[in-house]
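Residue numbers (the numbering used here): 15 to 381.
Reviewing the structure listed below.
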Ligand code: PEP
Ligand code: MN
């Protein structure tokens, strides 16, 4: 994909250089009083650049609170009038989009459960065509980067330029420490595939709790993401949705105070020269790694041909178990990160199996 022509949030929100885009507010707009009280507390800190609240809530199971709907759009209008904060909410279909445009909602977002559905994304793109409303595009709930890219393309094709990707983690069958494991590599791949597309992180939906928020938000800044969207509620325990992951404004200030912003680079000769020298060494090692892989694959090919000629199976489970065990032991001894050796050798072994398979298949075709 070509670098896209986006208008960065710095321009439409008037951010200073290196200032992150921070959006905060409750998961859901519950009552007018709750919305206004939260917004007034958040507006006190100039680090908050926009206010969020879900008006229509995509709940996994029916009979949960599904948002107040249309009526609460007027509460967001009041937030804007009374605090001056731009307001943001989630839209999941054309009717939502039209209602938000009519109500003058400043920023819209497409939720993770909508990004998965090209019909919905197209319907939203069509409804927004001809406007220049900013749209945040959350990653799809499943780890499919093409759906995420496709959603960005649909909005871009509708002439929208104020686009921001939101990394909110991915659904997983494994109940680990995160509600939606971040799978940082997918967000990084998204940045690589669409250079120039701003990306912010949603640590609230990644964590599903409050104790990991700081850690995830810091990693987002370490990855040079452009900001955060964090759920904030005056009384999280009583929240009508996502009670476990919301923080109070005071807790949010603590998180902000602990976060360290990173520079994308430093333009001093000393810094650049040192980095270049280290990178040059890495390039040389990578060169050697690739050459060494090629040599290894050549031997794998010879082994494959030998097995084929003697009608011996490709997979030799005892040999594979021995390789993995021995390499892992060696990696551990010299202090390589756990899993690195395992992942690496799984990859190598899978490629070796594929290569030998193709050698066996080619012989069959030749018969
Ligand atoms: C939300 O931001 O409240 C929300 C529903 O998020 P997601 O689409 O990421 O689950
Ligand atoms: Mn939520």
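We put the CB at the ideal spot given by N, CA and C, even for glycine.
Take residue i and list the residues in its own chain whose beta-carbon comes closer than 8 Å to its own, dropping the five residues that flank it on each side.
i: residue 84; result: 69, 113
i: residue 4; result: No information on residue 4 is available, as it lies outside the stretch 15 to 381 that the chain covers here.
i: residue 142; result: 111, 115, 122, 149, 169, 172, 174
i: residue 291; result: none
i: residue 317; result: 370
According to DSSP, is residue i helix, strand or coil?
i: residue 61; result: coil
i: residue 42; result: strand
i: residue 68; result: strand
i: residue 26; result: helix
i: residue 167; result: helix
i: residue 35; result: strand
i: residue 135; result: helix
i: residue 102; result: strand
i: residue 4; result: Past the boundaries of the shown model lies residue 4; the chain is included only from 15 to 381, so the question cannot be answered.
i: residue 190; result: coil
i: residue 172; result: coil
i: residue 363; result: helix
i: residue 180; result: strand
i: residue 119; result: coil
i: residue 83; result: helix
i: residue 242; result: strand
i: residue 237; result: coil
i: residue 159; result: helix
i: residue 358; result: helix
i: residue 142; result: helix
i: residue 328; result: coil
i: residue 286; result: helix
i: residue 150; result: strand
i: residue 280; result: coil
So, is residue i buried or exposed, given that buried needs 16 or more other C-beta atoms within 10 angstroms?
i: residue 59; result: exposed
i: residue 343; result: exposed
i: residue 138; result: buried
i: residue 173; result: exposed
i: residue 307; result: exposed
i: residue 194; result: buried
i: residue 62; result: buried
i: residue 216; result: buried
i: residue 125; result: buried
i: residue 241; result: buried
i: residue 333; result: exposed
i: residue 382; result: No answer is possible for residue 382: the residues shown for the chain start at 15 and end at 381.
i: residue 134; result: buried
i: residue 64; result: buried
i: residue 44; result: buried
i: residue 101; result: buried
i: residue 36; result: buried
i: residue 286; result: exposed
i: residue 23; result: buried
Report the residue from the options whose alpha carbon sits nearest the alpha carbon of residue i.
i: residue 223; options: 192, 236, 209, 235; result: 192
i: residue 182; options: 162, 170, 176; result: 162
i: residue 106; options: 88, 149, 144; result: 149
i: residue 204; options: 220, 219, 179; result: 179
i: residue 387; options: 103, 75, 76; result: This structure gives no information on residue 387, because the portion of the chain shown stretches from 15 to 381.
i: residue 338; options: 327, 361, 256; result: 361
i: residue 176; options: 122, 257, 226, 207; result: 122
i: residue 260; options: 156, 218, 30, 48; result: 218
i: residue 359; options: 379, 335, 347, 370; result: 335
i: residue 314; options: 330, 132, 199; result: 330
i: residue 248; options: 230, 227, 56, 154; result: 56
i: residue 212; options: 34, 30, 28; result: 34
i: residue 311; options: 369, 273, 375; result: 369
i: residue 147; options: 50, 325, 25; result: 25
i: residue 46; options: 319, 283, 90, 280; result: 90
Am I right that residue i and residue j are in contact with their C-beta atoms under 8 Å? What's the rounded C-beta distance?
i: residue 18; j: residue 210; result: 6 Å
i: residue 81; j: residue 71; result: 4 Å
i: residue 38; j: residue 75; result: Not confirmed; about 27 Å, so no contact.
i: residue 367; j: residue 328; result: 6 Å
i: residue 166; j: residue 208; result: 6 Å
i: residue 235; j: residue 293; result: 22 Å between Cβ atoms; not a contact.
i: residue 86; j: residue 254; result: Not confirmed; about 12 Å, so no contact.
i: residue 159; j: residue 119; result: That belief does not hold up - the Cβ atoms of residue 159 and residue 119 are roughly 28 Å apart, past 8 Å.
i: residue 198; j: residue 239; result: Not really, about 10 Å apart at Cβ, beyond 8 Å.
i: residue 96; j: residue 50; result: 7 Å
Taking 6 Å as the limit between beta carbons, can you name the residues of its chain near residue i, skipping five residues before and five after?
i: residue 196; result: 183, 220
i: residue 40; result: 52, 67, 247
i: residue 140; result: none
i: residue 94; result: 101
i: residue 228; result: 269, 272
Enumerate in chain order the residues of its own chain whose CB-to-CB distance from residue i is below 7 Å, with the five nearest sequence positions on each side excluded.
i: residue 345; result: 354, 355
i: residue 7; result: Within the shown structure, residues of the chain are numbered from 15 to 381, placing residue 7 beyond reach of any answer.
i: residue 185; result: 155, 156, 194
i: residue 129; result: 135, 151, 152, 153, 154, 161, 162, 165
i: residue 231; result: 215, 217, 242, 269, 273
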